[in-house]
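Residue numbers (the UniProt record's numbering): 1 to 298.
Where a beta carbon is used, it is the ideal one built from N, C-alpha and C, also for glycine.
These numbers were taken from a predicted model, which means no experiment stands behind them.
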Amino acid sequence: MIIEARNIEKRFGPSEALSGLSFSVDEGSVYALIGANGAGKTTTIKMMMNILAPTRGDLTVMGTPSRELTSRHLNQIGYVSENQVLPGQMAVGTYLDYVRPFYSNWDEALEKAMLRRFNLPMERKIRALSHGMRIKLALVAALAFKPKLLVLDEPFSGLDPLVRDDLVESVLSHAEDLTIFISSHELNDIEGFVSDVGFLNQGRLLFEESIEVLNARVRSIRVTLQSPARPPDTWPRAWIDPGTSGNVASFVHTAFAEDQLASEMATVFGDVKFVQVEPMDLRSIFTAFARAEQMTGR
């Protein structure tokens with residue numbers, strides 16, 4: 001495991017930001033920590049980067065406790081944040097001249113290739129760059145030294161689609177020997193390239209699994225009945241976000257198995273006329289789970 005968290009708790013005074021957080025990231029994976037704003041994603045990343053200390057629990061990065069990470073370890077970690085502060089008074093070229101000596105593995109050929117790709121103006125002051133251009137510059141500085149781990153905290157927030165696509169393509173083109181940990185609530189931007197996902201809600205991790213397994217087990221179900229639908233007294237535990245309208249019942253099945261669906265429908269609804277089953281994208285899955293959590297009052 002390149003990252004492992006066990007029973008992490010983080011408090012800010014009386015406020016609990018994270019509770020019982022446990023997850024693991026395999027080397028070579030692209031792990032997405034997803035959740036609404038305020039769920040605890042940035043707090044988690046700041047603890048991974050030794051910017052914040054966990055209140056309780058164990059957090060290791062590349063086999064080292066996060067609080068013991070030194071410059072030697074950080075030499076292997078690239079970090080890009082939505083709100084990353086860069087020295088606005090420096091020109092793009094001057095900034096890269098400044099950071100380059102800190103990294104023994106800095107690849108100047110890679111740096112130049114990324115600068116050409118992003119069309120970054122070397123003489124322009126950083127404060128005069130657009131938000132998208134600043135993120136591109138931060139990504140050049142995070143990838144040019146060929147890190148073992150790339151940590152991205154909401155990197156695509158507020159960017160237009162063309163800039164987002166360019167950044168995603170650039171990251172993926174360097175991902176062969178790289179582990180990527182990304183936090184995001186812009187789920188459409190990351191669904192196509194993540195391998196694993198953890199769903200963080202109000203400081204608690206609801207689940208983590210491969211995107212392949214998640215996509216296989218979750219379906220949107222719409223059931224048309226012979227007569228007006230009557231909600232069951234208790235919906236099956238694996239069915240979330242349920243609703244009825246006329247003779248139609250709908251829900252999200254979180255443990256879908258095609259060979260069991262007919263018997264499940266007959267048991268719960270009786271006389272079924274038609275069942276429509278649809279796969280769901282990551283945003284829709286996230287919305288359904290978030291709504292289910294709200295309904296439980298958590």
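Alpha-carbon spacing of residue i relative to residue j, whole angstroms
i	j	result
Lys125	Arg72	30 Å
Glu27	Ile8	21 Å
Thr108	Gln260	Residue identity check: residue 108 is Glu in the sequence provided, not Thr. Approximately 57 Å between the Cα atoms of the pair.
Leu206	Asp233	25 Å
Leu18	Phe102	33 Å
Asn215	Asp281	8 Å
Phe145	Ser104	7 Å
Ser263	Gln276	15 Å
Asn37	Val80	18 Å
Leu143	Glu258	43 Å
Glu16	Gln294	18 Å
Asp160	Phe274	41 Å
Phe251	Leu172	35 Å
Ser284	Val168	21 Å
Met133	His174	19 Å
Leu69	Ser220	44 Å
Met90	Arg100	14 Å
Glu191	Tyr98	35 Å
Gly57	Pro147	26 Å
Leu21	Leu86	31 Å
Among the options, nearest to residue i - alpha-carbon criterion
i	options	result
Gly246	Arg237, Trp239, Pro231 and Ile240	Pro231
His253	Glu208, Pro279 and Val99	Pro279
Leu96	Gly158, Leu120 and Glu82	Leu120
Phe289	Gly198, Phe269 and Ser173	Gly198
Gly35	Pro54, Asp153 and Ser250	Asp153
Thr267	Trp235, Ile45 and Arg204	Trp235
Ser210	Ser220, Asn201, Arg219 and Phe193	Phe193
Arg11	Thr287, Ala53, Ser22 and Asp160	Ala53
Phe269	Thr244, Gly57 and Ser284	Thr244
Phe286	Leu200, Lys273, Glu212 and Phe274	Leu200
Ser227	Asp166, Val272 and Phe251	Val272
Trp106	Met133, Val85 and Asn75	Asn75
Gly63	Leu86, Thr43, Met1 and Gln84	Met1
Neighbourhood of residue i by C-beta, 8 Å cutoff - its chain only, sequence neighbours within 5 removed
i	result
Val248	Arg222, Val223, Thr224, Leu225 and Ala229
Gly158	Glu82 and His131
Val140	Leu96, Glu111, Met114, Leu115, Phe118 and Leu120
Ala255	Arg217 and Ala238
Pro65	Asp58 and Leu59
Within 7 Å, strictly: CB atoms of residue i and residue j
i	j	result
Leu137	Ile77	no
Val30	Ile135	no
Phe23	Glu208	yes
Neighbourhood of residue i by C-beta distance below 6 Å, restricted to the same chain and skipping five residues each side
i	result
Met122	Val92 and Gly93
Ile3	Val25 and Val61
Phe156	Arg164, Glu186 and Asp189
Thr55	Glu9, Lys10 and Arg11
Arg127	Gly88
Thr42	Asp153
Arg298	Caution is warranted here: a pLDDT of 48 is assigned to Arg298, below 50, making its placement in the model unreliable, and the coordinate value is therefore given only provisionally. Same-chain partners within the cutoff: there are none.
Asp166	none
Leu178	Leu150
Glu212	none
Leu129	none
Contact set for residue i: own chain, Cβ-Cβ below 7 Å, skip 5 residues either direction
i	result
Arg117	Ser170
Ala292	Ile240 and Asp241
Met265	Val223, Val272 and Val275
Gln84	Ala138
Arg67	Asn50 and Ala53
Supposed contact pair residue j and residue i - C-beta distance, whole angstroms, cut 8 Å
i	j	result
Arg164	Asp196	Their Cβ separation, rounded to whole angstroms, is 21 Å, which puts Arg164 and Asp196 out of contact at 8 Å.
Gly184	Ala32	Just to set this straight, residue 184 is Ser in the shown sequence, not Gly. Right, their Cβ atoms sit about 6 Å apart.
Leu59	Met49	With 8 Å as the limit, Leu59 and Met49 do not qualify as a contact, their Cβ atoms being about 11 Å apart.
Gly203	Gly40	5 Å
Val151	Ile51	Not quite, the Cβ-Cβ distance comes to about 11 Å (not below 8 Å), so this is no contact.
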